[in-house]
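Counting from 13, one number per residue, gives the positions in the sequence shown under this note's numbering.
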Amino acid sequence: MANSDTYKGIYAMHKYWGKKPFNEISKFIEKYSKPNETVMDCFCGSGVTLIEAVKAGRKAVGVDLNPIAIKLAQASLTAVNIDEINKIFENIKTTLQETINSMYEMEFEGENTMVTHTIWKNGEPIEVWYRTDKEKKKIRVGNCTDIKMCNEPAIEAKWYPKSIMFENSRINVGKEQKVSDLFTPRALVGLSLLLDEIKKIEDEKLREVFELTLSGTLSQASNLVFVIRRRKKNKGEKLRAEVGSWVIGYWVPEEHFEINVWNCFENRFKRILKGEQEIYSLFSEKSDSYMQEYVKLINGSATQIPIDDNSVDYVFIDPPHTNRVLYMEQSLMWNAWLGLDEEIEWDNEIVVTEAKNRKKKNSDNYNLLLDKAFGEIYRVLKPNRYFSLAFNCLDDNIWIDILNLSVHHGFEIRDIVPLEYSATSVIQDNRKNALKTDFVLTFQNVGNNELEQISFKNDDLELEQMINGILESNPGYEVYNIMNVLFEKTIPKGYIYKVSKIVKFCAKIME
């Protein structure tokens, strides 16, 4: 198993939850399909599987319920003239940079200064970073002028979203909380001016580039950016502040940054531009008619895919892992700013969530909808072709349910491979005994509805002996390594040990 390459270029343009290592996915595509055949991902997210499929000369079908996901995938597969992109950015810069920056300009100690970062705590600006004509970075304590400039900007905002978010303590969303509550009044003005200017771009493909530049800007321009405190070398000195990033959910840290909106936008544009340059090099020579034939994107549910029976040669999916990532709730900030949130079919999302107004989204509903999605995969996948499922979960019942859903629809397991995450995420770091890999289970569409169901094996002595044996051969193994080995050995035999027991015995043995 190879480690994934670091995300860069096309894959670093915009954050999206749960991206998988593109270099590993490409190997599955090469193994289970041929050039000009059709590869489908009906939980396509930002489009990693689709991009790798088209790069490999395959046709790609992508389905996702999340509007921003389809928008990201579309942009990542559309070559746009780089000179035109740069020209539009310069026009936006000429029109708005000075106006936006005026909200961060103030005189301090006889000098004209430009605020780049403000650290807020309990509504007070405890630290302000600024630049002058002579120095790029100076630091001072905030004052009442900083508060007034932030909370009472001299410029009137254009349209910005006031969408109500789903109350959900797990992702730090309170009752009646709005998307706009994630930003300071000053940031709302700057972002709304940018959005208003972007809407004036006539060419749809170019406009989408800048819509995604804006949505990619949102997190760093919000109140969600935490402060990293590092101790200086000399003991007793004040802890030095560094800029963190947006972590999972909508947690506004007690200490958080407010970053100059124009700087956020310009920095995001530089990332977008690098990605667009790669997209252009990959796809610019392919005609519009070629891309229309080779790429089909559907903003809809995996439970009802509008394509013909037996029309797909290979399927690779990474479905939502119960409640691990609440894709659409956590994408609401992006969707709302781009005016996409009214299109969302929330009831069709395959997820388990603790949101108070989504109580129907429980394990039963998750299994029901996932069963329908597997049924659709069976319908569109050609006989005897392959279907790969990336999955990661600590819940015993979810594991057995997923495996038996596959069996129920006539899929016979052929291969199990551990797949490393592209990067260690906050979720993985914070979850006790977290799995640091996905398992990629590959099934063949044999159409045999009489396959034997997979069951739990309750033999604690045997399990403990197996874990001891694995650790004797591999003393540096962690829990997830041991699980990889156990699943590879037992699933083909029709059983698994409970994940909870594996974790329990590992903790006991590895003390």
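Backbone N, C-alpha and C fix where the C-beta goes; we use that ideal spot for every residue, glycine too.
- Between the alpha carbons of S175 and M345 lies a gap of roughly 9 angstroms.
- Collapsing the DSSP output to three states places P173 in coil.
- Shown here, P197 sits in a helix according to DSSP, grouped into three states.
- Beta-bridge pairing by DSSP links E123 to F120.
- Relative to G287, the option among E139, R336 and V221 whose CA is nearest is V221.
- Per the Cβ contact rule, the region 111-118 is in contact with the region 199-206 (3 or more Cβ pairs under 8 angstroms).
- For the pair F399 and I412, the CB atoms are not nearer than the 8 angstroms cut-off.
- At a Cβ-Cβ threshold of 8 angstroms, I466 and Y509 do not count as neighbours.
- The alpha helix (DSSP H) runs lying completely inside the region 353-422 and spanning 4 residues or more are 375-392 and 408-420, given in chain order.
- Taking the C-beta atoms as reference points, V324 is found no nearer than 8 angstroms to L251.
- Between P332 and Y339, the CB-CB gap stays under 8 angstroms.
- Contact annotation: the region 177-196 touches the region 351-371, with at least three C-beta pairs closer than 8 angstroms.
- One thing to note: F328 has its Cβ within 8 angstroms of the Cβ of V51.
- For S467, the three-state secondary structure derived from DSSP is strand.
- DSSP places V324 inside the beta strand (DSSP E), whose first and last residues are V324 to I329.
- In the three-state DSSP reduction, A87 falls in the helix class (H, G or I).
- Boundaries of the beta strand (DSSP E) harbouring G74: K71 to D76, taken from the DSSP string.
- Secondary structure of M115 (DSSP, three-state): helix.
- Beta-bridge annotation (DSSP): D450 is paired with L431.
- By the Cβ-count criterion, A85 is buried, with 16 or more other Cβ atoms from all chains shown falling within 10 Å of its own Cβ.
- In terms of Cβ geometry, T225 and C276 do not form a close pair [threshold 8 angstroms].
- For the 8 angstroms CB-CB criterion, Y378 and T334 form a contact.
- Distance from the Cα of D353 is smallest, within the candidate group M303, F178 and E270, for F178.
- DSSP links Y142 through a beta bridge to V127 and K150.
- In the structure shown, the three-state DSSP call for D215 is coil.
- With a contact defined as Cβ atoms closer than 8 angstroms, L415 and S227 miss out at about 37 angstroms.
- For N311, the enclosing beta strand (DSSP E) starts and ends at V307 to N311.
- For I240, the uninterrupted beta strand (DSSP E) segment begins and ends at V239 to R242.
- Ranking D158, S234, W258 and V140 by CA distance to the CA of Y28 puts W258 first.
- Using a 10 angstroms sphere on the CB of E102, the tally of other CB atoms stays under 16, which defines it as exposed.
- The C-beta of I521 has fewer than 16 other C-beta atoms within 10 Å across all chains shown, which makes the residue exposed.
- If you look at E49, you'll find it isn't in any beta strand (DSSP E); DSSP assigns it neither H nor E.
- Proximity to V127 across N470, T157, V73 and F403 peaks at T157, based on C-alpha coordinates.
- Rounded to the nearest whole angstrom, the CA to CA distance from E123 to V237 is 28 angstroms.
- Of the residues assessed, G57 falls on the buried side of the cut-off, its CB having 16 or more other CB atoms within 10 angstroms.
- Residue pairing by DSSP puts F455 in a beta bridge opposite F399 and I425.
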